[in-house]
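Each remark here refers to the structure printed beneath this line.
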Amino acid sequence: MQYCRLFLLTASCLQFGGSNPTRLKVDSAFHPFEVGKMRTQIVGGNMLTLNKFLKNVLTLHIFHSHAYYFVGIGFAVLLCSFFEIWTFVIASARQTSRIRDKFFFAVLHQEMAWFDTTPIGTLNTRLTEDINTIHKGIGDKIAILIQNFSTFLTGIIIGFAYGWKLTLVILSVTPLIAILSILTTKELMAYAKAGSVAEEILSAIRTVIAFNGQKKAIARYDKNLEEAQSIGTKKTITTNISTGVSQFLIYGCYALAFWYGTKLTVDEKDNYDIGTVLIVFFSVLIGAFSLGQASPNLENVANARGAAYQVFKIIKKPRPIDSSSTEGFKLDKLRGEIEFKNIYFSYPSRPNIQILRGLNLKIQPGQTIALVGSSGCGKSTTIQLLQRFYDPPQGQITIDGHDIRTLNIKWMRENIGIVSQEPVLFATTIAGNIRYGKEDITDAEIEQAAKEANAYDFIMKLPDKFNTMVGERGAQLSGGQKQRIAIARALARNPKILLLDEATSALDNQSESIVQAALDQARAGRTTIVIAHRLSTIRTADVIAGFEKGVLVEQGTHSELMAHKGVYYALVMQQKSVSFQCCTVSVILSDISPINCIAACNLVNKENFLSLQKETLPDVPYTRILALNKPELCYIAVGVVAAAIAGGVTPAFAVLFGKIIGVCLGLLNFCLYLLQGFTFGKSGEALTMRLRSLSFKALLQQEIGWFDDHNNGIGVLLTRLSTDASQVKGATGSRLALMTMTFFTLVTALIIAFAHGWHLTLLILACIPFIIVAKAIQAKSMEGHAAQDQKALEEAGRVFSAYIYIYIHMDNINAIWDSIKKAPINGISYAIGQSFNFFINAAVFRFGAWLIAHCFMNFEQLFIVFSSVIFAAMNAGQANSLAPDFSKSKVSAQRIFHLLDRKPVIDSYSEEGEKLEKFEGNIEFKDIHFAYPTRPEVQVLQGLNVKINKGQTLALVGSSGCGKSTSIQLLERFYDPISGQVIADGVDTKSLHIQWLRSRLGLVQQEPILFDCSIAENIQYGDNSRVVSQEEIEEAAKAANIHNFIENLPEKYNTRVGDKGAQLSGGQKQRIAIARALVRKPAVLLLDEATSALDTESEKIVQKALDEARKGRTCIVIAHRLSTIQNSDIIAVIQNGRVVEQGTHSQLLALEGFYYALVNAQVSH
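Numbering (mature numbering (1 follows the signal peptide of the UniProt record, and there is no 0)), first residue to last: -19 to -1, 1 to 1146.
Next up, the structure:
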């Protein structure tokens, strides 16, 4: 419907020849004809001197009548311009909204294989920058373009009607438009690559900061920007060549018109007279000038074409597995019988590696089957195939006897509940996340699902309970809390098939036992597939299936497989040997009351998190923007001179247009435009690259607490990074050239006007303040609209990053209404600015007639002054079209400098601080009180005191979310405590050189984040201060038990791991993360659940490697499994943000306190 409306609007514009209210102004159609007609009345006889012929035919009546014509046209323009902007602003807002919706819909319904090879950052760039470019091309720019084109077309039609021989040469510049579109596409692709790098870095900001990877990240980002800068410069040069050719043809045509027109009046007196020649001349003159003025807007349309190609390429991409498809069967009753028949599978991104090699497995309805095997053997792949994330190239998967490819995919997935090893939460409330499991779920059902997942108690202790925001990707929750919310989400839909991929791996002992009991109850009557490394959680499964290298090698009950003494038996024996010394498999506190602890470690209330705080943006002077272009000052100087001369040429032509010198002026203008294109193009693209680079560098300089703020979500930052720098170019580069040209055009026009009639010129000067006021109103309106557009883009980017369709949908609705509300204001302000030129023309004619009648001017002088005013008005109108660009650039510049001027609380680039000559690794937390910046009212640590000497291992245990990981983050100086000290070798960490401190720490997090590069590069990332050799990489990989796996890959250490390590299993990613930490040879090793994702065999070997790595190093361990902490020198139990007991394993058991109670609880479990 929107496209139909646009078509009707445009068709009406052309049909009425400039008078239709949606697009063209009346002057577009009537101005050439009226000027030509007036000249016909004014000029007659032989053209000896212009003044003589004007005297012969001129009467005051003619001047008066044409003055009134201009007043009438002015009011018509006022009305039509209003409707022009009003209708197209609304139409473009709706079109942009629909395109964004379609793009988002297309992305969400692509098959998983596509995401394996398409970086998320690239998609975010498409959603924000590319669609914003499309918006520019279908909004006010295309409005002015159609207006200019219609003026040109009307002038050419009149020219052809009166003298076709004089108009043919003007139509030769259009082929360059295709080149513009191609270059724009390449430029946007290069920026998309840079955006992908930025998304990857910002989403892993803690990892980047922990490993001092800022310089490497900036280098990667800048490399992609350099490619975009080169293409952008070529594009700008191409634009100015197009304009230069247009100018050359225009000026050359004028001289040709007068020479040839004079000849025609002599040779063909019956067909041509002076009036006819002037009608043709002024028709082509104004039409051609409109074509020249269309060039900047034509560039925007060409840019939009290039952007639209990439966006619609995704929108129209065929989807082999389309989750939005309505095709396929919907079974009346789903029993839950599942069968895998001879399945062979390899991931599309790694076709040479077979994951499954002839898998055959049958699961009866209501049966629970556990899949066991070493990390990477195909267990998780089996679950993904069942959900149709991928289709196997060979074999068949059936549900209730039906090939899943014949079932309706949306219906099938609605009947499957999934809890993954790494839970993904969205940046909404807890209730909102649970509601993703079932759209029409009631509040009571949400609470029930939370109770079943043992999440209800900790949720109710939060300030906003179920309305508490969880942060980006659940960043405000601990791992165990996120996992319990994910379990509740799966249970909410009451699925017939339940898939549990390490569903309890992140839970503490007490939570695990309760949730495991809840899951056991939830499994009743459901077909359940369980993947678990802790074999104690699957003993009661109906069937246990042992995997080895993608093949099912054995299956049976626990007792049957133990008797068989195969793969499963070996795994059980390995796990028992690991935990035998302690009588338990895992341990973690919590006979301790979790009430205060849970309240302390959870999040910001809804008001703080949801409210978009209004930033106080600095007022940025234009000179500060230009100061960033200082390295290109020589280019700008040359460009300004070229633009100034080009600006003076236009009004000078009002005096010289009847002479053959017009050809020379045309050639001069061509050279000037070419020179402008190179100088301003190079300086403008350099500024864009510099702003992007400086902004990215400034982002990486901020403290972690700044990223926790909802207003600084990854999607918002990526949007600003991609759009702000390019919009600042709206006030520089080619726009600066146009502003310079306009200024010198006005100055030259005034000089010429003063020289030929100062009385009339004074009248024109008196009108200028009214023009300035009109332009200011328009600019102010556009500035507000620019801010609204930018906020809408940021919100869309934030939402896209979190994949929340409902939020982006609502945001689009809000953006549409904002545009609709602004449209009348924009329309009237634009209309006032456009119509003033005609009122000035009317005043010139009326006052000019009076001056001639009283002998203050002659006719030729009036003619020259009037022509100068026309040329100046045309250029002023062209500058007027820049109001939206300049306004948007001002808002963007304010945002950029607000970021660049911000002084981070913890400056990662600071060179201040002490570097100890010898760092031994003595660590002390001394009376630490801490609350996260986004939730200052909630105390996480409340007097934490614990000390660890060099070479010792400290294990922190406590309920999930009670501040264990917070302690490590304070040591890394991600945050600083409110009070108290974190001391390293007797020195407050605030006094140490921050990058030096972090280089002495080796961090392995619970959810490892890898970068989309090779395995070798990910391990090298552990030490960014030097070049890590291949031997060191392999040594670290061997220590982490990943070397053999890597060597079996086709590309070995050069194998790319995919976005965030998507091509690897959880255990493989964790081992690479461990290797990354070990390669830097840290003095202090920080292990936050470092082995939680490993299978039993790998855990045993890696734990041995870590035990070896800990020798001579201080080590802080956070673990839920006792097997990783039982040999620690100190075990500290944390409750309510403070240490309640500490000692060795045996000492704590002897105390018979909290720790003792836990051990007994675990033994009974």
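Note that CB positions come from ideal geometry on N, CA and C, so glycine has one too. Just so it is clear, the structure is predicted and the values come from calculations on it, not from any experiment.
Of the residues the options, the one placed nearest residue i, counting alpha carbons only
{"i": "Thr1095", "options": "Gln1084, Ser1109, Ala1020", "result": "Ser1109"}
{"i": "Gln976", "options": "Ser889, Thr518, Ala484, Arg316", "result": "Ser889"}
{"i": "Val405", "options": "Ile845, Gln462, Asn903", "result": "Gln462"}
{"i": "Ile380", "options": "Phe321, Asn341, Ile415", "result": "Phe321"}
{"i": "Met393", "options": "Val451, Ser304, Ala431", "result": "Ser304"}
{"i": "Ile510", "options": "Glu529, Thr742, Glu483, Lys530", "result": "Glu483"}
{"i": "Ile1000", "options": "Thr1036, Thr915, Gln987", "result": "Thr1036"}
{"i": "residue 1148", "options": "Ala747, Thr704, Ala736", "result": "What is shown of the chain runs -19 to 1146, which leaves residue 1148 out entirely."}
{"i": "Gly339", "options": "Thr947, Thr700, Ala185, Ile324", "result": "Ile324"}
{"i": "Lys297", "options": "Ala730, Ala1090, Val88, Leu698", "result": "Val88"}
{"i": "Gly620", "options": "Leu653, Met554, Ala633, Leu609", "result": "Leu653"}
{"i": "Lys931", "options": "Tyr417, Leu1030, Gly902, Val1060", "result": "Gly902"}
{"i": "Ile1099", "options": "Leu542, Ala1113, Asp523", "result": "Ala1113"}
Simplified DSSP assignment, three categories, for residue i
{"i": "Ala1021", "result": "coil"}
{"i": "Thr1125", "result": "coil"}
{"i": "His116", "result": "helix"}
{"i": "Ile364", "result": "helix"}
{"i": "Ala526", "result": "strand"}
{"i": "Ala874", "result": "helix"}
{"i": "Ala618", "result": "helix"}
{"i": "Met554", "result": "helix"}
{"i": "Gly696", "result": "helix"}
{"i": "residue 1149", "result": "With the chain running from -19 to 1146 in the structure shown, residue 1149 is simply not present."}
{"i": "Ile732", "result": "helix"}
{"i": "Gln987", "result": "coil"}
{"i": "Glu895", "result": "strand"}
{"i": "Leu978", "result": "helix"}
{"i": "Cys748", "result": "helix"}
Endpoints, the beta strand (DSSP E) within which residue i is located
{"i": "Arg338", "result": "337 to 344"}
{"i": "Ala965", "result": "960 to 965"}
{"i": "Phe911", "result": "904 to 911"}
{"i": "Asn926", "result": "922 to 929"}
{"i": "Glu535", "result": "532 to 537"}
{"i": "residue 1167", "result": "Residue 1167 is absent from the model: the chain starts at -19 and stops at 1146."}
Cβ neighbours of residue i in the same chain (closer than 7 Å, five flanking residues each side left out)
{"i": "Arg981", "result": "Phe900, Pro1063, Ala1064, Val1065"}
{"i": "Lys36", "result": "Since pLDDT at Lys36 reaches only 46, below the 50 mark, its modelled position is unreliable, and no value is offered."}
{"i": "Phe837", "result": "His740"}
{"i": "Gln933", "result": "Thr1095, Asp1110, Ile1111"}
{"i": "Tyr437", "result": "Glu428, Ala431"}
{"i": "Lys360", "result": "Leu352, Gly354, Ile512, Phe528"}
Contacting residues, own chain, Cβ-Cβ under 6 Å from residue i (five flanking each side not counted)
{"i": "Arg520", "result": "His539"}
{"i": "Phe820", "result": "Gly55"}
{"i": "Ile302", "result": "Glu92, Arg369"}
{"i": "residue 1147", "result": "The requested residue 1147 does not occur in the structure, where the chain is confined to residues -19 to 1146."}
{"i": "Leu843", "result": "Gly829"}
{"i": "Phe955", "result": "Ile685"}
{"i": "Asn1111", "result": "One point to set straight first is that residue 1111 is Ile, not Asn, in the sequence displayed. Here the set comprises Leu935, Gln1123."}
{"i": "Ala1054", "result": "Val985, Pro989"}
{"i": "Gly1134", "result": "Glu1122"}
{"i": "Ser946", "result": "Asp1069"}
N- and C-terminal bounds of the alpha helix (DSSP H) containing residue i
{"i": "Leu312", "result": "Unbroken run through Leu312: none, as it is neither H nor E."}
{"i": "Gly460", "result": "460 to 473"}
Beta-carbon proximity list for residue i, same chain, < 8 Å, skipping 5 on both sides
{"i": "Gly413", "result": "Phe407"}
{"i": "Phe189", "result": "One point to set straight first is that residue 189 is Val, not Phe, in the sequence displayed. So the list reads Ile182, Gln195, Ala198, Leu681, once near-sequence residues are dropped."}
- Count the C-beta pairs between the stretch 950 to 969 and the stretch 1036 to 1056 that are closer than 8 Å, then say yes if the count reaches three, no if not. no
- Item | Validate contact between the stretch 464 to 481 and the stretch 428 to 443 using beta carbons, cut 8 Å, 3 pairs | yes
- Taking 8 Å as the threshold, find out whether the stretch 352 to 366 comes into contact with the stretch 530 to 549 through three or more Cβ pairs. yes
- Message: With a threshold of 8 Å, are at least 3 pairs of Cβ atoms found where one atom belongs to the stretch 69 to 88 and the other to the stretch 310 to 317?
- Response: no
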